[in-house]
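Residue numbers (the working numbering): 493 to 728.
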């Protein structure tokens, strides 16, 4: 998890001359959003009180709204996020246009045959994804693709995961650890709990990239309904 203490604070004011924890969070959040989102961050603002971050502003696509929340959520000390970012609307972009654009992204997706076969219905900027896939990762990839289309305000996942209920929890857990053992990731300190197809990951890995990779692998395992990724990166 990112640590706001490691960044120098700007324009922070308090009685004893030192920035408050909330001010550190806001300054670090702004730095991280600007660094990772660049021009997309220009109209994003945030305020923090007692670890509760309020973020507002305007972005071009839903994916940018979600990205800002993801960045803030990784900052140490953040307890909750209220995401009030607005996705800019263009009256010239119709629901039919958005449907065609989402379907085109699905059909051109090179990593997953299942995603290429999915469908979508759009009503008033809300995209409902339809079809069948074998794992949770495919469904999440489809949601990510739809969120990148201009005009989409929210995405509803109505995709059916065909493998849900096909595997007992112990088998799912074993499949996950088998996949971890085949890649360069410090998996021995990753603890897995699987209950009703819901996977909870806890423990430590070497860096944030491994945190994300471990979560993606779990999502790609057949029979997984949901992944709660509570892994933490070791401090270097």
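Idealized CB from N, CA, C, for every residue including glycine.
field: Selection from 562, 716, 617 that minimises the alpha carbon distance to residue 626
entry: Out of 562, 716, 617, 716 has the C-alpha closest to the C-alpha of residue 626.
- prompt: Taking the alpha helix (DSSP H) that residue 529 falls in, what are its first and last residues?
  reply: First-last of the alpha helix (DSSP H) with residue 529: 513-529.
- request: Name the two residues that bound the continuous alpha helix (DSSP H) containing residue 731.
  value: Nothing can be reported for residue 731, as the shown portion of the chain is limited to 493 through 728.
query: Of the residues 656, 709, 683, which one's Cα is nearest the Cα of residue 674?
result: Nearest to residue 674 by alpha-carbon distance, out of 656, 709, 683, is 709.
query: For residue 547 versus residue 575, is the C-beta distance shorter than 7 Å?
result: Going by C-beta atoms, residue 547 is nearer than 7 Å to residue 575.
field: Beta-carbon spacing of residue 656, residue 693 below 7 Å
entry: No, Cβ-Cβ distance for residue 656 and residue 693 is not below 7 Å.
- prompt: Which term fits residue 596, buried or exposed, when burial requires 16 or more other beta carbons within 10 angstroms of its beta carbon?
  reply: Flag for residue 596 reads exposed.
query: Going along the chain, which residues of its own chain have a beta-carbon closer than 7 Å to the beta-carbon of residue 705, five neighbours each way excluded?
result: Excluding the 5 residues flanking it on each side, residue 705 has same chain C-beta neighbours closer than 7 Å at 677, in chain order.
query: Hey, how far is the Cα of residue 511 from the Cα of residue 541?
result: Going from the Cα of residue 511 to the Cα of residue 541 covers about 13 Å.
- request: Could you check the C-alpha separation between residue 501 and residue 519 for me, to the nearest Å?
  value: In this predicted model, residue 501 has a pLDDT of only 43, less than 50, meaning its place in the structure is not dependable; the value taken from the coordinates is given anyway. Roughly 6 Å between the two C-alpha positions.
query: Which value, in whole angstroms, describes the spacing of the CA atoms of residue 567 and residue 600?
result: Near 34 Å, if we compare the C-alpha coordinates of residue 600 and residue 567.
query: Taking Cβ to Cβ, would you say residue 614 is nearer than 7 Å to residue 590?
result: Their beta carbons are under 7 Å apart, which means residue 614 touches residue 590 by this criterion.
- request: Take residue 635 as the anchor and find which of 598, 660, 654, 617 has the nearest alpha-carbon.
  value: Of 598, 660, 654, 617, the residue nearest in Cα terms is 598.
- prompt: For residue 579 versus residue 620, is the C-beta spacing smaller than 7 Å?
  reply: No, Cβ-Cβ distance for residue 579 and residue 620 is not below 7 Å.
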